[in-house]
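*Asks:* Okay, here's the structure, questions in a sec.
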Amino acid sequence: MKWILVLGLVALSESLITIPLQKIQPLRERLREKDLLKDFLEKSPYNLISKYLGRLQMMEVSYEPLRNYLDLAYMGTISIGTPPQEFKVIFDTGSTDLWVPSIYCYSPACAHHNVFNPLRSSTFQFLGQPLSLSYGTGSMKGFLASDTVKVTGLPEVVQEFGLSIQEPGQFMDSVPFDGILGLAYPTLGIRGTTPFFDNLWRQGLVSQGLFAFYLTNEEKNSSVVMFGGVDPAYYKGELNWVPVTRPFFWQFTVSSISMNGAVIGCDSGCHAILDTGTSLVTGPPEPIFNIQRIINARQSYGGEYIMDCEAINTLPDIIITINGVDYPLPASAYIRQEHTGICYSNFLATPGNLSREIWILGDVFLRLYFSVFDRENNRIGLAPAA
């Protein structure tokens, strides 16, 4: 495996189906002509149907399909400019800003990805502010611009975004996506700009101030990010709500991480973030090394931790307890089997340029649990994925 995605930003810097009302309009008109409409609506079952249809329309959800790339990244397609230029982006809850490569980028990574050409867009505006964004893996330097941005199912909006002129190192050269669309809090973003989701929310273009993720192991577009509402078909049981403790990342408190009733990490409580832009589960080096030892993961020459594949069938669940609720991680989730037949641990010490005290629950966790990011109420909803 060539890379592990960690997009937590360094702390520096199809709608629901509605029934067409035209089919019942002739009856409405006939009743109105005979002055019977009010009595009919008050006394007939149509009153209930009408109320239900109204609720469906108020609860409209917009869906953007995501492609799973080798369980390492989930990508969707957006378009920027007039006429639209398409880009594959990570919808990343671990960062806030939107950026894509530009035709002015001279890094090798940009030669292998779609690049935005401002000269081909009649709605482009050059804002000029220089940008420098660093992530757990990878970085970009560029400038700020503005243009129309479109995501499937959502209205087109005029949006500030970054254009890269430099993507240093080899990491961005090897990733399958062009850019990143951040969904964390504005306090983590570029000062003076309005992030993409906040732009939609402030203009009343989403019915609710929240979005949600359903991630699967399948490669095709069975994974989705939904905006403006929650579709209960994607999860089982009830959503358990967790308060956000710091509106920066989607940060919350974890009570403990345990196996067979014994605490193996986060023994006095700890801080964690929910991050769709991180592939694995990462944490402070000492407890992560302790977990690697307990599951008998051995460090390889390349720095990854190799495991006996038979352990998938023998090791117990690792339990992450959040706000009084246990979230099991079975061995089939925390052990990754490559097509080569080699197995790896899905735990990783948090990279040094991120906060070493924060745990990151990435895609390994999010494939098991449907997640709701509720900006309106500063909380996260979790439930077993359907």
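Residues -15 to -1, 1 to 371 (mature numbering (1 follows the signal peptide of the UniProt record, and there is no 0)) make up the sequence shown, in order.
Beta carbons: idealized from backbone N, C-alpha and C, even for Gly.
The model shown is predicted, which means the values in this text are computed figures rather than measured ones.
Exposed or buried, which one is A130 when buried takes at least 16 other CB atoms within 10 Å?
*Replies:* Looking at its Cβ environment, which holds 16 or more other Cβ atoms inside 10 Å, A130 is buried.
*Asks:* Out of Q284, E289, G347, S87, point me to the one whose CA is closest to L314's CA.
*Replies:* The candidate whose alpha carbon is nearest that of L314 is G347.
*Asks:* Which residue comes first and which comes last in the alpha helix (DSSP H) that contains N184?
*Replies:* Here the alpha helix (DSSP H) through N184 covers 181 to 187.
*Asks:* By the DSSP assignment, the beta strand (DSSP E) with A334 in it spans what residues?
*Replies:* Element bounds for A334: 332 to 334.
*Asks:* Just grab the DSSP bridge partners of Y329 for me.
*Replies:* Looking at the DSSP assignment, Y329 forms a beta bridge with I291, R321.
*Asks:* I need the straight-line Cα distance from Y48 to V191, nearest angstrom please.
*Replies:* Rounded to whole angstroms, Y48 to V191 spans 12 Å at the Cα level.
*Asks:* Could you check whether the stretch 232 to 250 touches the stretch 305 to 321, counting it as contact only if at least three pairs of C-beta atoms, one from each stretch, sit closer than 8 Å?
*Replies:* Output reads yes: the stretch 305 to 321 touches the stretch 232 to 250.
*Asks:* Hey, A197 and D216: beta-carbon distance below 9 Å or not?
*Replies:* Result yes, Cβ atoms of A197 and D216 sit closer than 9 Å.
*Asks:* Taking three-plus beta-carbon pairs below 8 Å as touching, is the stretch 135 to 145 in contact with the stretch 84 to 103?
*Replies:* In short, these stretches do not touch, since the Cβ pair count stays below three.
*Asks:* DSSP three-state call for V239: helix, strand or coil?
*Replies:* Strand at V239.
*Asks:* So, are the CB atoms of I159 and S87 less than 9 Å apart?
*Replies:* Looking at the sequence provided, one finds Ser at residue 159 rather than Ile. Taking 9 Å as the Cβ cut-off, S159 and S87 do not qualify as a contacting pair.
*Asks:* Keeping to the same chain, check which residues put their C-beta closer than 7 Å to that of G213; ignore five residues upstream and five downstream.
*Replies:* Taken in chain order, the residues that qualify are E45, V46, S47, V191, S192, Q193.
*Asks:* Go through the stretch 92 to 164 residue by residue and report every complete run of the beta strand (DSSP E) that reaches 3 residues or more, in order.
*Replies:* As far as the stretch 92 to 164 is concerned, its whole beta strand (DSSP E) runs of at least 3 residues are 110 to 119, 124 to 136, 142 to 151.
*Asks:* Is the stretch 252 to 259 close to the stretch 310 to 325, with three or more CB pairs under 8 Å?
*Replies:* Result no; under three Cβ-Cβ pairs closer than 8 Å.
*Asks:* Within the stretch 45 to 82, note down every full beta strand (DSSP E) run reaching 3 residues or more, in order along the chain.
*Replies:* Correct list: 47 to 54, 58 to 65, 70 to 77.
*Asks:* Can you tell me where the alpha helix (DSSP H) holding R278 begins and where it ends?
*Replies:* Start and end: 270 to 279.
*Asks:* Going by DSSP, which residues form a beta bridge with L367?
*Replies:* L367 is bridged to N225, S356.
*Asks:* Spell out a yes or no on whether the stretch 352 to 368 and the stretch 218 to 225 are touching, meaning 3 or more CB-CB pairs, one atom from each, closer than 8 Å.
*Replies:* These segments touch.
*Asks:* Are the beta-carbon atoms of S166 and I75 separated by less than 9 Å?
*Replies:* Residue 166 is actually Leu in this sequence, not Ser. Yes.
*Asks:* Apart from the five residues just before and just after G366, which ones in its own chain have a Cβ nearer than 6 Å to its Cβ?
*Replies:* The answer, listed in chain order, is L224, W226, V357.
*Asks:* Roughly how many angstroms separate the alpha carbons of Q277 and P301, rounded to a whole number?
*Replies:* Near 14 Å, if we compare the C-alpha coordinates of P301 and Q277.
*Asks:* Should V210 be labelled buried (16 or more other beta-carbon atoms within 10 Å of its own) or exposed?
*Replies:* Per the 10 Å Cβ criterion, buried.
*Asks:* From S117, G113, G66, pick the residue whose C-alpha is nearest to that of R105; which is it?
*Replies:* Nearest C-alpha to R105: G66.
*Asks:* Tell me which residue opens and which closes the alpha helix (DSSP H) that A296 is part of.
*Replies:* First-last of the alpha helix (DSSP H) with A296: 296 to 299.
*Asks:* Compute the Euclidean distance between the alpha carbons of S117 and S124, then round it to the nearest angstrom.
*Replies:* For S117 and S124, the distance between alpha carbons rounds to 8 Å.
*Asks:* What number of angstroms, rounded off, separates the C-alpha of S119 from the C-alpha of R176?
*Replies:* If you take the alpha carbons of S119 and R176, they lie about 15 Å apart.
*Asks:* For A218, does the three-state DSSP call read helix, strand or coil?
*Replies:* Residue state, collapsed to three classes: helix.
*Asks:* With a threshold of 6 Å on Cβ separation, who are the neighbours of residue 395 within its own chain once the five nearest residues in sequence on each side are excluded?
*Replies:* Nothing in the structure corresponds to residue 395, since the chain is present only between -15 and 371.
*Asks:* Can you grab the Cα-Cα spacing for the pair A169 / F101, in whole Å?
*Replies:* Computed Cα separation, rounded: 24 Å.
*Asks:* Between which residues of its own chain and F233 is the CB-CB distance below 8 Å, once the five residues before and five after are set aside?
*Replies:* A(-5), A169, Y170, T172, L173, listed in sequence order.
*Asks:* Here's the rule I'm using: 16 or more other beta-carbon atoms within 10 Å means buried, otherwise exposed. How should N331 be labelled?
*Replies:* Buried is the call here.
*Asks:* Tell me which residue opens and which closes the alpha helix (DSSP H) that F350 is part of.
*Replies:* Unbroken alpha helix (DSSP H) run through F350: 348 to 351.
*Asks:* How is the beta strand (DSSP E) around D260 delimited, first residue to last?
*Replies:* Counting along the chain, D260 falls outside any beta strand (DSSP E), and DSSP gives it neither H nor E.
*Asks:* Could you check the C-alpha separation between T81 and E361 for me, to the nearest Å?
*Replies:* Using only the alpha carbons, I get a separation of about 17 Å.
*Asks:* What residue from F156, P115, Q144 has the CA that sits closest to G121's CA?
*Replies:* For G121, the nearest C-alpha among the options comes from F156.
*Asks:* Could you tell me the alpha carbon to alpha carbon distance between E295 and A318, rounded to whole angstroms?
*Replies:* Cα to Cα, the separation comes out at about 14 Å.
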